[in-house]
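Enquirer: One structure, pasted below without further comment.
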Amino acid sequence: MRPRVRVKAGWASMRGTAVYKQTFNAMLDALGEPRASNCLMNESALAKRFDVSRTTVRKAIAEISERGLIRRVDGHWVVATPPHRSDYFSISETVPTSVRVEKKFMYWMLRGDSGPGDVVNGLELARQFGVSAGAIREYLNRFARFGLIERRPNSSWIFRGFTREFALEIFEVREMFEIRSAMGFATLLQNSPAWGRLRALEAEHRTLLRGIDSDYHDFSDLDERLHRLINDTSQNRFIVDFYGVISMIFHYHYQWNKRDERERNQAAIYEHLDYIEALLSRDPRRIELSCISHLNSARKTLLASIGAPDGGRR
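Position in the sequence shown (first residue = 1) + 32 = my numbering.
Right, dumping it as structure tokens:
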């Protein structure tokens, strides 16, 4: 096995980013493409293909070259040696810290039965998640401005409940954002990767349905991924950013109410499958009706979790 090449000091900050590592892995994949046996695309074309800066591409090329995987011939980069699996960064390294923190925090909340009034130790979470205390603080600060979490001295935080009025207000925003995103989803090109991810999520829902008696806790992850996929395809930075708050409230907050959790999750899976079928049909009216129906159920579940009556839409 080839030894890994030592990284130059000037590359340290670049190698520390998930974007760089994602690009590096993608370029290793590109070495196996048919055209790569002749020559690789130039820096500008690679930057456009991977949607990154030319600087990121240039740094990746430099390291790939130092590992002896490519060489310069007549002004072009050509494949010298096919990459090994050991040349790739691990999947965990290519995920941005903010995303890792969110996933780990949500999982910790769900499996730990955390609830309103509970104290959260930021330093302890940082150790558990393998991230910096600053990353935890940055993540939790997103919710502090809404009054959902209150910061205390010594890196601790306290969960706070929220009122029916707060829940209805934020749900109204969620409904506007998701309906817009769902309608936009139907207009995606046929070769968009989002369709493949939607099909994969459909299959995961059907698998979970077969094992619902023992695996019903796993629905929260599917719930988050489906709605995030729909909202992310809007390519609207405000919708995408707002979804971080949505994940906290709608996909995990109601888990604090454990009553009828299996039955609720099973019913939600059927609603998701109907929603997915509507999206795949590309029928705007069908998508709108399915989306509104599912969101109405989610609103009722949320209000029930905080002991608030469902007063209907305002």
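Note that CB positions come from ideal geometry on N, CA and C, so glycine has one too.
Are the beta-carbon atoms of L220 and A214 separated by less than 8 Å?
Expert: Against a cut-off of 8 Å, the Cβ pair of A214 and L220 comes out as no contact.
Enquirer: Taking all protein chains shown into account, decide if S252 is buried (16 or more other Cβ within 10 angstroms of its Cβ) or exposed.
Expert: Burial call: buried.
Enquirer: Three or more C-beta pairs under 8 Å: does that hold for the region 325–335 against the region 187–204?
Expert: Result yes; three or more Cβ-Cβ pairs closer than 8 Å.
Enquirer: Is D273 buried or exposed, if buried means 16 or more other CB atoms sit within 10 Å of its CB?
Expert: Exposed, by the Cβ-count rule.
Enquirer: Is the region 302–313 touching the region 253–271, taking contact as three or more C-beta pairs under 8 Å?
Expert: The region 302–313 is in contact with the region 253–271.
Enquirer: Helix, strand or coil: how does DSSP classify S188 here?
Expert: S188: strand per DSSP, three-state reduction.
Enquirer: Determine the burial state of T55: buried for a count of at least 16 other Cβ atoms within 10 Å of its Cβ, exposed for fewer.
Expert: Classification for T55: buried.
Enquirer: Per DSSP, which residues does H108 bridge with? Please list them.
Expert: For H108, which the question treats as bridged, DSSP gives the partners V105.
Enquirer: Which word fits P316, buried or exposed, when buried means at least 16 other C-beta atoms lie within 10 angstroms of its C-beta?
Expert: Label assigned to P316: exposed.
Enquirer: Would you call the region 239–254 in contact with the region 180–199, where contact means no fewer than 3 C-beta pairs closer than 8 Å?
Expert: Touching, no, given that fewer than three Cβ pairs across the two stretches are closer than 8 Å.
Enquirer: By the DSSP assignment, the beta strand (DSSP E) with V84 in it spans what residues?
Expert: No beta strand (DSSP E) contains V84, which DSSP labels as neither H nor E.
Enquirer: For the beta strand (DSSP E) containing N153, name the first residue and the last one.
Expert: Residues V151 to N153.
Enquirer: For A299, tell me which candidate among Y120, G154 and R238 has the shortest Cα-Cα distance.
Expert: Nearest of Y120, G154 and R238 to A299, Cα basis: R238.
Enquirer: Could you check if M208 is buried or exposed, using at least 16 other CB atoms within 10 Å of its CB as the buried criterion?
Expert: Exposed, since its Cβ has fewer than 16 Cβ neighbours within 10 Å.
Enquirer: Going by other Cβ atoms of all chains shown within 10 Å of its Cβ, with 16 needed for buried, is P114 buried or exposed?
Expert: P114 should be labelled exposed.
Enquirer: What distance in whole Å lies between the Cβ atoms of F175 and V277, which are believed to be in contact at a cut-off of 8 Å?
Expert: Sure, about 7 Å apart at Cβ, within 8 Å.
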